[in-house]
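Input: a single structure, listed below in structure tokens.
Number of protein chains: 2
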Amino acid sequence: MRSLNATAASLLGLLHDGPLSGWDLVEAAQARIGNYWTLTQSQVYRELSRMTDDGLVALGETGPRERKPYRITDAGRAAFTTWINGDPAREQIRVPLLLTIQFSAHLAPGRLEEILTAERATHAERLEKYRAHAGRLELYGELDGKLDHVRLATLRFGIRHEEAALAWFDELPELFSGTTPPR
Amino acid sequence: MRSLNATAASLLGLLHDGPLSGWDLVEAAQARIGNYWTLTQSQVYRELSRMTDDGLVALGETGPRERKPYRITDAGRAAFTTWINGDPAREQIRVPLLLTIQFSAHLAPGRLEEILTAERATHAERLEKYRAHAGRLELYGELDGKLDHVRLATLRFGIRHEEAALAWFDELPELFSGTTPPR
DNA sequence: TGGTACATGTAACATGTTACATGATTAG
DNA sequence: CTAATCATGTAACATGTTACATGTACCA
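Here is the structure:
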């Protein structure tokens with residue numbers, strides 16, 4: 000049996016909480032793992048039919064609006080458990096902005112500053128979004144005593160990284176000013 | 000004319016400094032942009048033959064060991080300039096470890112700690128590597144007065160992010176301990 | 001009754017990964 | 001002379017992206 004890829008495994012992970020249609024899965028993935036894992040609707044349907052062939056999920060009765068709920072099978076649960084207990088794959092590192100900087104000698108005058116300003120703004124927005132979300136989690140956690148640690152942990156990862164990005168943007172002018180930093 | 004992808008554009012960027020063979024390009028890419036952009040040897044040869052067809056690079060005389068130097072053409076330079084002046088693409092966010100955490104309820108006992116320890120170590124190693132590299136750059140910069148700002152800037156990005164990662168690893172136990180952090 | 005959100009899916013293509021096959025040159 | 005490194009390339013496949021086609025149900 001072919002081993003799972005991270006995207007397929009994530010869908011199985013989401014299906015542990017109960018049957019979901021392809022559409023539901025896209026929504027759930029966006030909400031639960033969308034901050035650090037992207038998948039498209041197209042991929043979801045592809046993985047679902049593949050996993051159906053492999054017996055990892057099974058199709059339920061078609062509901063209203065052609066809704067087709069998938070549920071995880073025992074084989075699916077087994078495959079998922081194997082996958083999750085393996086070593087996580089290496090992080091993907093793909094930062095187009097750093098390519099722009101690497102080759103910034105070829106930029107039109109003023110263009111670098113323009114790009115940096117725009118990029119900094121999107122990072123600042125993301126940070127705000129994460130902080131607001133984390134704040135809501137903590138608030139509800141205090142109210143009902145059931146803090147969603149897992150969600151909070153992944154959010155904190157995003158927060159740390161966005162803070163790092165902003166700090167970097169802010170030290171950039173100094174780096175480019177030509178003064179060798181004291182050691 | 001089809002527009003460039005970031006990988007092809009990077010190769011053109013590297014070719015601005017003079018003709019390079021496919022092999023050279025793999026090495027150069029690894030050294031210059033490998034910290035935040037991955038490409039395989041296979042991709043390099045594919046992009047080179049595509050760009051040759053499109054007239055963006057041209058093949059020189061075969062040298063020793065079947066060495067085939069490619070040089071950038073005027074069309075290549077034009078395509079590159081257009082590409083680099085465009086908005087950088089969105090960052091890729093793919094963090095398998097966060098999937099592991101999201102679904103950590105399904106981990107075998109003790110497995111989460113094991114994984115976190117291993118992951119933290121690889122981040123710590125990367126941080127050390129980046130710091131050492133940045134230190135060398137700064138040292139040479141002081142000696143000959145020509146500090147490589149661009150290289151240093153991209154390294155600092157990596158350093159900031161690895162520091163963020165380590166700080167996150169270190170706050171994790173507290174997050175999981177169940178105490179709602181004070182606001 | 002008409003627009004919006006729900007819902008499924010395919011097609012075509014781009015990009016990325018892994019494995020393999022082949023030969024040239026150099027260093028020990 | 002032989003192992004390592006240099007060097008090119010193909011094949012097969014996996015994954016990701018974009019665009020399109022189709023139809024359903026709700027709600028204003």
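Protein chains in written order, with numbering that gives the first Met the number 0: chain A, 0 to 182; chain B, 0 to 182.
Cβ coordinates follow ideal geometry from the N, Cα and C atoms, glycine included.
Taking the CA atoms as reference points, A:I32 sits about 11 Å from A:G12. Non-local C-beta neighbours of B:W82 in its own chain, meaning closer than 6 Å and more than five positions away in sequence, comprise L3, A8, ordered along the chain. Straight through space, the alpha carbons of B:T39 and A:L142 are spaced by roughly 51 Å.
DSSP links A:I71 through a beta bridge to A:V56. Flagged as an interface residue toward chain B: A:G12, by a C-beta distance shorter than 9 Å. With fewer than three CB-CB distances shorter than 8 Å, the region 55 to 75 of chain B does not count as touching the region 160 to 176 of chain A.
Residues of the region 95 to 112 of chain A whose Cβ lies closer than 7 Å to any Cβ of chain B, in chain order: P95, L96, L97, L98, T99, I100, Q101, F102, S103, H105, L106, A107, R110. Rounded to whole angstroms, the separation of the alpha carbons of A:G54 and A:P18 is 15 Å.
Where A:D169 is concerned, the enclosing alpha helix (DSSP H) starts and stops at 148 to 175. Residue environment for B:T116: exposed (fewer than 16 other C-beta atoms within 10 angstroms of its C-beta). The beta carbon of B:V43 is closer than 6 Å to those of G21, L24, V25 in its chain, skipping five residues each way along the sequence. Judged by DSSP secondary structure, A:H132 falls within the alpha helix (DSSP H) whose first and last residues are 110 to 143.
Look at B:S9: its C-beta is under 9 Å from a C-beta on chain A. Collapsing the DSSP output to three states places A:L19 in a strand. 9 Å or more divides the Cβ of B:A104 from the Cβ of A:N84.
For B:P95, the enclosing alpha helix (DSSP H) starts and ends at 95 to 101. For the region 68 to 89 of chain B, the set of residues with a beta-carbon nearer than 8 Å to any beta-carbon of chain A comprises F79, T80, I83, N84, D86, P87, A88, R89, in chain order. Nearest C-alpha to B:D73 among B:T37, B:R45, B:H122, B:L14: B:L14.
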